[in-house]
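Structure, as C-alpha cells:
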Amino acid sequence: MAAAEEQVRAEVAAAKPEFTAFLDGFRHREILVPLDDQGGIWSAELAGVRWILAFSDEKKLARLAKRGGDAGIGVRQPGTLVGESGKQQWDYRKVLGWRLLDSVIPAAGRPCGVALDAGSDGGTVLPPVEGIVPAKATAEAYAANNGRPSRR
13 MAAAEEQVRA EVAAAKPEFT AFLDGFRHRE ILVPLDDQGG IWSAELAGVR
63 WILAFSDEKK LARLAKRGGD AGIGVRQPGT LVGESGKQQW DYRKVLGWRL
113 LDSVIPAAGR PCGVALDAGS DGGTVLPPVE GIVPAKATAE AYAANNGRPS
163 RR
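Per our numbering, residue 13 is the first one in the sequence shown, and the count goes up by one each step.
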C-alpha cells in the first residue's frame, strides 16, 4: 500500500506545475457563464457543493445547448447563443476567471466550485479548495464554521 501511495504522491507532484499553469491561464481569460431564466448564474448541486457551469468558448456552450441542457435557460441580454439545433437559446455573460474565483464564489455563501466545459472531453473542475478559491470560501472553511460563510 505504501508503494501505491508514493506513486499517487509522485503523480500529484508531477501534475502540479501543469495545473498551476492551467489555473493561471483560467484566471486571466474571459469565461462564458450561462444565465438561468431569472438572470442568475446557471449552476448545479452535487455532493453538497454548488458548481457554476462555465465554458471556455461559444462552441463548447453550443454543444451543451444542442444536447438540450436545461429548459429553464431564458432569453435575456447580454450575449444570446442559439444552440446548433436552433431551438435552445442560452444567455450568458463573459466573466474574467479571477473574478469568478475571487468574487463570485465567496459571495455564494456556501461551498462553490467551477465546472469548466461540462459535458466536453476537456472538461475540468475547480473545486472549492485553498489555492483555487479564497481561504474563506473553501469547503473546509464552511465545514469548520458549521456550514456558514467564514469571516477570515
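Note that the Cβ used here is the ideal one computed from N, Cα and C, for glycine as well.
Every value quoted in this text rests on a predicted model; they were computed, and no experiment measured them.
Less than 9 Å separating the beta-carbons of residue i and residue j?
i: A130; j: L65; result: yes
i: L138; j: R41; result: no
i: Q38; j: L113; result: The sequence shown places Phe at residue 38, not Gln. A contact, by the Cβ cut-off of 9 Å.
i: E142; j: T136; result: no
i: W102; j: P46; result: yes
i: V126; j: W63; result: yes
Taking the straight line between their C-alpha atoms, what separation do you get for residue i and residue j?
i: A59; j: A153; result: 16 Å
i: L44; j: G134; result: 16 Å
i: N157; j: C124; result: 15 Å
i: S55; j: Y104; result: 12 Å
i: V116; j: D48; result: 16 Å
i: I53; j: K28; result: 29 Å
Cβ of residue i versus every heavy atom of the ligand GDP: is any distance shorter than 8 Å?
i: S68; result: The ligand GDP is not part of this structure, which contains no ligands at all.
Between which two residues does the beta strand (DSSP E) carrying residue i extend?
i: A66; result: V61 to A66
i: A127; result: C124 to L128
List the whole-angstrom C-beta distance separating residue i from residue j, where the pair is believed to meet the contact cut-off of C-beta under 8 Å.
i: P161; j: K148; result: 7 Å
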